[in-house]
Amino acid sequence: MDGRDPDFDPIYEPERIARELDWNLLRTFVVLADSRSITEAAERLRLKQPSVSAALQRLEDRVGRKLVNRSPGHFALTDAGRLLYREAVEINGSVLRLSTLMRELTDEVQGLVKIELASHVVCPLFDRALADFHRAHPRARLSLEVRSSADAIAEVMAKRASFAVCLVRDHNPKLEYRRLYREYFGLFCGPEHPLFGRDDLTLADLAGHGSVSFETDRLQDVLRPVTLMRAQAELGQRITGLSTHLEEVRRMIIAGLGIGPLPVHVAARELRDGLLWQLPPYDDLPAIDVHVVWNSKAVKNRAEDLLLTALLEAIETTPMEDRTYR
571 MDGRDPDFDP
581 IYEPERIARE
591 LDWNLLRTFV
601 VLADSRSITE
611 AAERLRLKQP
621 SVSAALQRLE
631 DRVGRKLVNR
641 SPGHFALTDA
651 GRLLYREAVE
661 INGSVLRLST
671 LMRELTDEVQ
681 GLVKIELASH
691 VVCPLFDRAL
701 ADFHRAHPRA
711 RLSLEVRSSA
721 DAIAEVMAKR
731 ASFAVCLVRD
741 HNPKLEYRRL
751 YREYFGLFCG
761 PEHPLFGRDD
771 LTLADLAGHG
781 SVSFETDRLQ
791 DVLRPVTLMR
801 AQAELGQRIT
811 GLSTHLEEVR
821 RMIIAGLGIG
831 PLPVHVAARE
841 LRDGLLWQLP
851 PYDDLPAIDV
861 HVVWNSKAVK
871 NRAEDLLLTA
881 LLEAIETTPM
891 EDRTYR
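Per my numbering, residue 571 is the first one in the sequence shown, and the count goes up by one each step.
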């Protein structure tokens with residue numbers, strides 16, 4: 571007896587998989603899993619379709635599991651495929667960062683910091699952190715990408731982003747979170763709306779009016795408190811405009827498409843300029859927290875590490891009331 575479990579299949583031995591698994595197969599599989607067919611994956615990889623099919627077969631042979639169910643008109647990952655995809659995306663992010671880390675071997679900080687932002691982050695503390703970082707490290711580069719909060723977090727999870735500044739619904743135990751600021755949402759209308767300019771309104775006056783809002787303005791999503799505020803105002807069930815970007819929600823409100831929610835401090839300038847009018851309720855407005863989200867397992871270049879550290883220190887040393895915008 572050699573002491574091995576008689577039920578153990580050597581095809582799943584970790585050392586064998588680590589020794590025989592080809593990274594290029596994993597990279598091909600990540601693209602394949604993000605595609606709708608072998609043909610689409612081949613086009614994205616600039617390969618022939620038989621080459622992609624053969625790579626999938628080799629990968630399935632290596633891991634000992636079927637990864638994709640294919641039939642005419644059907645293309646879907648198996649349970650094993652979804653598990654492998656989740657891990658391969660993280661590995662892919664780590665590999666892509668290697669060249670960046672190699673370029674970091676110099677005395678001067680020159681790295682790229684890629685920040686994923688929810689649409690319209692208005693936070694003086696965050697802006698100061700960026701300004702201070704640029705003054706200290708002028709050769710470092712910043713890339714700011716606006717996405718939905720869910721997509722921003724996905725980029726951080728996949729190690730394709732340095733960190734995110736966004737709204738958070740559920741905390742993923744694999745990620746780290748720090749509240750950056752709190753904002754309050756109110757309801758607004760534009761100059762074309764019949765309620766614009768009236769200061770004698772009550773909540774009942776909003777009942778039945780059409781509305782515009784955010785894609786995440788749902789009971790099960792990050793803007794649940796805003797959804798409840800709209801329900802309290804008894805706005806009409808028909809939403810005439812939706813967007814993931816605050817700027818576009820604001821555009822639709824100003825254009826008169828309907829009543830819509832905006833952070834009060836973000837809408838302040840348009841209020842002063844006569845482009846927006848705030849509507850009831852005026853008290854007990856819903857509070858929404860915006861977080862910094864990062865992946866502690868991702869290997870960071872010096873620029874990323876320095877900026878994230880400085881931002882977290884600024885948060886720690888700034889009282890919450892100074893990071894609350896009413």
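Backbone N, C-alpha and C define an ideal beta-carbon position, used for all residues, glycine too. Treat the numbers as computed from the prediction; the structure is a model and nothing was measured.
Query                                                                                                                                                         : Result
If you draw a straight line from the alpha carbon of ASP775 to that of ASP769, how long is it in whole angstroms?                                             : 11 Å
If you reduce the DSSP assignment to three classes, tell me which class ILE885 lands in.                                                                      : helix
Using only CA atoms, which one of VAL659, HIS644, GLN627 lies nearest to SER898?                                                                              : Nothing about residue 898 can be read from this structure; the chain reaches only from 571 to 896.
According to DSSP, is GLU785 part of a helix, a strand, or is it coil?                                                                                        : coil
If you draw a straight line from the C-alpha of LEU637 to the C-alpha of ASP631, how long is it?                                                              : 10 Å
Tell me, to the nearest whole angstrom, how far the beta carbon of VAL735 is from that of ALA688; I am working on the premise that it is less than 8 Å.       : 7 Å
Under the assumption that THR797 contacts ASP787 (Cβ atoms under 8 Å), give the Cβ distance between them as a whole number of angstroms.                      : 5 Å
Beta-carbon within less than 8 Å of VAL860's beta-carbon, same chain only, minus the 5 sequence neighbours each way: which residues are those?                : ALA688, VAL691, CYS693, VAL735, CYS736, LEU737, ARG749, LEU750, TYR751, ARG752, GLU753
Quick one: residues in its chain with C-beta nearer than 8 Å to the C-beta of LYS618, no 5 flanking neighbours on either side, listed in chain order?         : ALA612
Going by beta carbon distance, what residues of the same chain come within less than 8 Å of ALA825, once the five residues before and after it are set aside? : GLY760, GLU762
Which whole runs of the beta strand (DSSP E) in the stretch 709-751 are 3 residues long or more, in chain order?                                              : 711-716, 733-737
Can you tell me which of the three DSSP states SER621 falls into?                                                                                             : helix
If we count Cβ pairs, one from each stretch, closer than 8 Å, do we get three or more for the stretch 656-665 versus the stretch 598-606?                     : yes
Rounded to whole angstroms, what is the Cα-Cα separation between MET727 and LEU882?                                                                           : 19 Å
Could you check whether LEU629 and LEU595 sit closer than 8 Å to each other, using their CB atoms as the reference points?                                    : yes
Note down the Cα distance separating ALA801 from ASP791, rounded to an integer number of angstroms.                                                           : 15 Å
Compute the Euclidean distance between the alpha carbons of HIS707 and LYS684, then round it to the nearest angstrom.                                         : 15 Å
Is the distance from the Cβ of THR810 to the Cβ of GLY780 below 8 Å?                                                                                          : yes
Indicate the three-state DSSP secondary structure (helix, strand or coil) for ASN865 in the structure shown.                                                  : coil
Taking LEU654 as the reference, which of ARG635, ILE723, THR609, ASP853 has the closest Cα?                                                                   : ARG635
Whose CA, out of VAL782, PRO620, GLN627, lies closest to the CA of VAL592?                                                                                    : Note that residue 592 corresponds to Asp in the displayed sequence, not to Val. Of the candidates VAL782, PRO620, GLN627, the one whose C-alpha sits nearest the C-alpha of ASP592 is GLN627.
Once DSSP output is grouped into helix, strand and coil, what is the label at ASP859?                                                                         : strand
Taking just the CA atoms, how far does GLN848 sit from TYR747?                                                                                                : 32 Å
How many whole angstroms separate the CB atoms of LEU816 and LEU832, which I take to be in contact at a CB cut-off of 8 Å?                                    : 7 Å
Can you tell me whether ASN594 is helix, strand or coil according to DSSP?                                                                                    : helix
Could you spell out the range, first to last residue, of the alpha helix (DSSP H) harbouring GLU818?                                                          : 816-824
Quick check on DSSP: helix, strand or coil for ARG896?                                                                                                        : coil
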